[in-house]
Structures are given as C-alpha cells and as structure tokens.
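Colleague: Positions 136 to 417 (the working numbering) are the ones given, in order, by the sequence shown.
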Amino acid sequence: MNRRPFDLAKLDFEGIRLRKRKKLLLFSSLPVGVVMLIAIKMLSLPVLSGVAHMNYGQSQNDSAISWLQPLTWANWMEPYKVYFNQGNAYFKSGKYDQSEGKFRQALESVPEVKECDVRINLALSIEQQADRLLSEKKYDAAILKYDDAKAVLYDGEDGCNVRFHNKMTESDNSNDSDDKESDNQQGSGNSGDNSRDVRNIEKRIKVKSSSAKQRRNDDKITQTDEKDSSTKDLKDTEQKMKKLEDNANKAQKKRVERNQQNRHNEDYEKNHGKSDYRKKSW
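1. Here's a check: name, in chain order, each residue in its chain whose Cβ is nearer than 6 Å to the Cβ of S244, leaving out the five neighbours to either side.
2. Taking the C-alpha atoms as reference points, what is the distance between D294 and K273?
3. Do L288 and V333 come within 7 Å of each other at the CB atom, strictly closer than that value?
4. Please report how far the alpha carbon of F162 lies from the alpha carbon of V170, in whole angstroms.
5. Consult DSSP for E213 and reduce its assignment to one of helix, strand or coil.
6. Looking only at C-alpha atoms, which of A284, N329 and A241 sits nearest to C251?
7. Pick helix, strand or coil for G291, following the three-state DSSP scheme.
8. Report yes if the CB atom of F238 is closer than 7 Å to the CB atom of L257, and no otherwise.
9. Under the three-state reduction of DSSP, which class applies to F162: helix, strand or coil?
10. Below 7 Å between beta carbons: does that hold for V253 and A265?
11. Using DSSP with H/G/I as helix, E/B as strand and the rest coil, what is H399?
12. Pull up the CB-CB distance for Y231 and Q263, whole angstroms please, since I reckon it's below 8 Å.
13. Taking 6 Å as the limit between beta carbons, can you name the residues of its chain near K285, skipping five residues before and five after?
14. Pick helix, strand or coil for D318, following the three-state DSSP scheme.
15. CA-CA distance, E401 and K385?
16. Can you tell which of R154, Q374 and A347 has the C-alpha that lies nearest to the C-alpha of L268?
17. Assign V245 to one of three DSSP states: helix, strand, or coil.
18. What does a CB cutoff of less than 8 Å around K367 pick up in its chain, not counting 5 residues either side in sequence?
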C-alpha cells in the first residue's frame with residue numbers, strides 16, 4: 136500500500152491556534168470569575184464597612200444602613216455580620232421592630248461562637264418594643280413581647296453557656312448559690328461576659344413582665360371600682376330626681392286643693408255673705 140506524503144501546507148495553523156485559545160478561555164472563565172468575585176469582595180468589603188462604621192459612629196444611622204445594604208450580596212460568606220450591623224443601626228435610631236427583623240436574619244446564619252451576641256441584641260430589641268407597649272397601657276401585647284424576649288434567651292442556653300433556673304417564675308427568686316453556679320458555667324473571656332449579660336437581661340425582663348401583669352390587674356380593679364362608683368352615682372341621681380318629682384307632685388296637689396278651697400270660699404261669700412272665721416266655734 137502506497138502512502139501519500141502529508142502536505143503540511145494544507146493545515147490551517149491559525150485556525151487551530153484560535154480554537155485552542157477559545158477552549159482555553161472557556162475552561163479558564165470559571166476560575167477567573169471566581170477570582171474576580173473574591174477580589175471584588177476583598178476590595179469592597181473594607182471600603183463599604185469602613186464608610187458604614189464611620190456613619191454609625193456619627194449617629195448617621197440611616198446612611199450606615201444604606202452603605203451596609205450592598206454587603207448583603209458582597210459578603211456572602213458571612214452574611215450574618217451585615218444583618219447584625221444593620222440591626223444595631225436600626226436599634227440606635229429607635230426602630231426596634233426593624234432591628235428585630237435584622238437580628239432574626241442574622242440568627243439564621245450566625246456561627247455558634249457568635250450566636251450569643253445576636254441573641255442578646257435581639258432580646259433587647261424585643262424588650263424595647265414591650266416597654267413601648269407597656270407605656271401605652273397595652274398590657275397583653277407587652278406581656279407577649281416580654282415572653283418572646285425570654286424565649287430568645289432560653290433558646291440560646293448552649294450558645295451563651297448559661298443555664299436558667301425557674302424559667303416559669305416571673306419575679307427574680309434566684310439566690311447566691313444560683314449565681315455561683317452560673318459563674319462556674321461561664322468560664323472566662325467574652326463568653327463569661329455574655330453569660331452575665333444574658334442572666335441580667337433575663338432577670339430584668341421577668342421583673343418587667345411581672346410588673347405588667349400587676350398593672351393590668353390593678354387597672355381592671357380600678358375600672359371595676361369606677362364602674363361601681365358610676366352605677367352608685369346614677370342610682371343616687373335617680374333617687375334624688377324621684378324625690379324632687381314627688382315633692383313637685385305634692386306641691387302641685389296642694390296648690391290644686393288650695394285653689395279649690397278659695398273658689399269654694401268665694402262662692403260661699405257670694406251666696407251667704409262674708410264669714411267671720413274669728414268667731415268660729417270649735
């Protein structure tokens with residue numbers, strides 16, 4: 136079998152090089168894209184975080200929230216930090232319901248080592264809402280909010296390295312032995328500080344919840360007393376009106392009788408002359 140020599144001149148070396156370049160670009164686009172995203176993250180995070188922190192420090196909380204918003208997609212590895220910082224900005228500006236929402240978002244993705252910080256601020260946000268409801272005398276709603284704040288703390292016993300005693304007790308009945316036991320659980324460092332903060336917040340909320348229930352009961356008693364007093368006053372008024380009406384009827388009856396007697400006397404005088412009542416014999 137005769138083989139014909141291969142003609143290199145017929146090969147399209149330029150086309151081959153272009154196809155290889157396209158394949159190389161295609162296969163390298165994914166890692167290049169990942170590298171670019173990482174670069175964007177590394178470059179944007181410090182800038183945006185720095186500007187947001189500066190605005191937060193100057194009490195420009197709305198601006199801080201705006202600067203933090205792009206970080207929700209840029210900081211995909213630690214999104215809880217963005218929500219946590221936004222929650223702090225909302226809290227500082229007195230928007231406690233919005234801060235609660237952000238802290239709850241942070242709680243969904245926060246690592247266990249940082250969970251206690253989020254739970255503390257979340258409980259404080261709910262507590263502030265309950266205080267506002269209590270000041271408006273919305274006792275039932277306030278009590279529900281206090282219970283919600285306590286539940287947030289109770290669910291974080293492991294993350295905060297603390298154990299609560301007498302969870303169902305409204306007032307603070309803990310003793311020195313409980314505090315010593317808690318100190319033994321806390322250990323050292325920031326975990327110990329968080330544990331003490333959590334216990335103090337939980338005690339304060341229980342006292343407030345108990346106070347809200349007492350004020351609700353007192354208001355009910357006061358309203359009942361006021362209602363009874365109003366009913367008594369109404370009865371007294373009705374009795375006085377009836378007495379006045381009776382007196383008026385009696386006076387009217389006497390006037391009628393007197394008028395009848397006068398007419399009788401006038402008729403008698405016309406027919407028999409004037410009577411001398413002074414000589415009337417008894």
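We put the CB at the ideal spot given by N, CA and C, even for glycine.
Modeller: Based on what the coordinates show:
1. Taking the first residue of the sequence shown as position 1, residue 244 is located at position 109. Taken in chain order, the residues that qualify are P214 and Y215.
2. Position 159 of the sequence shown, counted from the start, is the residue given in the question as residue 294. Position 138 of the sequence shown, counted from the start, is the residue given in the question as residue 273. Reading the sequence as shown, one finds Gly at residue 294 and not Asp. The straight-line gap from Cα to Cα measures roughly 33 Å.
3. What you label residue 333 is simply residue 198 of the sequence shown in a count that begins at 1. What you label residue 288 is simply residue 153 of the sequence shown in a count that begins at 1. Closer than 7 Å, so yes.
4. For the purposes of this step, residue 162 is taken as the residue at position 27 of the sequence shown. For the purposes of this step, residue 170 is taken as the residue at position 35 of the sequence shown. F162 and V170: Cα-Cα distance of roughly 14 Å.
5. Here residue 213 corresponds to residue number 78 of the sequence shown, with the count starting at 1. In this structure, E213 counts as coil in the three-state DSSP scheme.
6. The count along the sequence shown starts at 1 and reaches residue 251 at position 116. Here the closest residue by C-alpha is N329.
7. Position 156 of the sequence shown, counting from 1, holds the residue named residue 291. Coil, per DSSP.
8. In the sequence shown, counting from the first residue as 1, residue 238 sits at position 103. In the sequence shown, counting from the first residue as 1, residue 257 sits at position 122. In this structure, L257 lies closer than 7 Å to F238 by Cβ.
9. Your numbering for residue 162 matches position 27 in the sequence shown. F162: helix per DSSP, three-state reduction.
10. Position 118 of the sequence shown, counting from 1, holds the residue named residue 253. Position 130 of the sequence shown, counting from 1, holds the residue named residue 265. Their beta carbons are not under 7 Å apart, which means V253 does not touch A265 by this criterion.
11. By 1-based counting over the sequence shown, the position of residue 399 is 264. Residue state, collapsed to three classes: helix.
12. Against the sequence shown, residue 231 aligns to sequence position 96. Against the sequence shown, residue 263 aligns to sequence position 128. Contact flag correct, Cβ pair sits at about 4 Å.
13. The residue you call residue 285 lines up with position 150 of the sequence shown. I340, listed in sequence order.
14. For this step, residue 318 is matched to residue 183 along the sequence shown. Note on D318: pLDDT 43, under 50, position unreliable in the model; no value is reported.
15. Position 266 of the sequence shown, counted from the first residue, corresponds to residue 401. Position 250 of the sequence shown, counted from the first residue, corresponds to residue 385. Using only the alpha carbons, I get a separation of about 24 Å.
16. For this step, residue 268 is matched to residue 133 along the sequence shown. Nearest C-alpha to L268: A347.
17. The residue given as residue 245 occupies position 110 in the sequence shown. Note: V245 maps to coil in three-state DSSP.
18. On the sequence shown, position 232 is the one that residue 367 refers to. If we look at K367 and ignore the five residues flanking it on each side, it has no Cβ neighbours.
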